[in-house]
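Colleague: First the structure, then my questions, so here it is.
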Amino acid sequence: MHQLDTKNRSLFQPEQIQFKNYSADQISQILAARASVGLADGVASQALIKIIAGQSSDVRQALEILRQSVLKAEQEGSPRVEQRHIHMQTLVPELDERESLILQTVRNGSTEAGTIYDQCCTTQQMSYSTFYRTLQKLKAMQLLDIQQVGKQQGRTSTVTLRQ
4 MHQLDTKNRS LFQPEQIQFK NYSADQISQI LAARASVGLA DGVASQALIK IIAGQSSDVR
64 QALEILRQSV LKAEQEGSPR VEQRHIHMQT LVPELDERES LILQTVRNGS TEAGTIYDQC
124 CTTQQMSYST FYRTLQKLKA MQLLDIQQVG KQQGRTSTVT LRQ
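Right, dumping it as structure tokens:
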């Protein structure tokens, strides 16, 4: 190492540079600037951009969330990106088949746990215990809200996507 000249030695002894994370406001400004250049007016609202900016301190991740959300809205034929298009983007790649199935079922409008379970079982067999554990895991991941509701014939759980 000492035999190398200064120029070559610097290649092998790089100095680490620490970059601070961007604030949500800074990420929001960056996303808004990119959206104004790359998207038609009204496709991504300022409120939506703030939601995405609040999900990450990494600009690359926030840009990817925005990109995937726009693609999802486009696939659905939606003229603008809505919160439902961005809500799960950061965690979806980490979900297994059962978790994805439950989220998709809830997203399609089912809200009572029993109904969600019945619809999921038409696609994939699972016990109610497994279903319930998966619901609790999705709740812990902050993807779902679960609320106990009393009915005339007992109790049930209402499941909704987290806002």
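Take 4 as the starting number for the sequence shown in our numbering and just add one per residue. Ideal placement from N, C-alpha and C gives every residue a C-beta, glycine not left out.
When the Cα atoms are used, what is the spatial distance from threonine 133 to glutamine 156?
Modeller: Answer to the nearest angstrom: the Cα atoms are 24 Å apart.
Colleague: Against chain B, with Cβ distances strictly below 7 Å, would isoleucine 54 count as a contact?
Modeller: The structure shown contains no chain B; it holds only a single protein chain.
Colleague: Would you kindly work out how many angstroms separate the C-alpha atoms of glutamine 78 and glutamine 107, rounded to a whole number?
Modeller: One C-alpha to the other measures close to 15 Å.
Colleague: Taking the continuous beta strand (DSSP E) assigned at glutamine 150, which residues delimit it?
Modeller: Run containing glutamine 150: 147 to 154, per the beta strand (DSSP E) assignment.
Colleague: List in chain order: all unbroken alpha helix (DSSP H) runs of 4+ residues lying wholly within the segment 58 to 109.
Modeller: Complete alpha helix (DSSP H) runs here, min 4: 62 to 79 and 86 to 89.
Colleague: Drop a sphere of 10 angstroms on the beta-carbon of arginine 158, count the other beta-carbons inside from all chains shown, and report buried for 16 or more, exposed for fewer.
Modeller: With fewer than 16 Cβ atoms within 10 Å of its Cβ, arginine 158 is classed as exposed.
Colleague: Determine the burial state of leucine 74: buried for a count of at least 16 other Cβ atoms within 10 Å of its Cβ, exposed for fewer.
Modeller: Answer is exposed; the Cβ neighbour count stays below 16.
Colleague: Helix, strand or coil: how does DSSP classify valine 162 here?
Modeller: Strand at valine 162.
Colleague: In the structure shown, what three-state DSSP assignment does glycine 112 receive?
Modeller: Three-state DSSP puts glycine 112 in coil, outside helix and strand.
Colleague: In this structure, does DSSP put glycine 157 in helix, strand or coil?
Modeller: In the structure shown, glycine 157 sits in a strand (DSSP, three-state: E or B).
Colleague: If I measure Cβ to Cβ from alanine 65 and keep anything under 8 Å in the same chain, skipping five residues before and after, which residues do I get?
Modeller: Ile30, Ile33, Leu34, Ile55, Ala56, Gln58 and Ser59.
Colleague: Do leucine 147 and arginine 136 have their C-beta atoms within less than 7 Å of each other?
Modeller: Their beta carbons are not under 7 Å apart, which means leucine 147 does not touch arginine 136 by this criterion.
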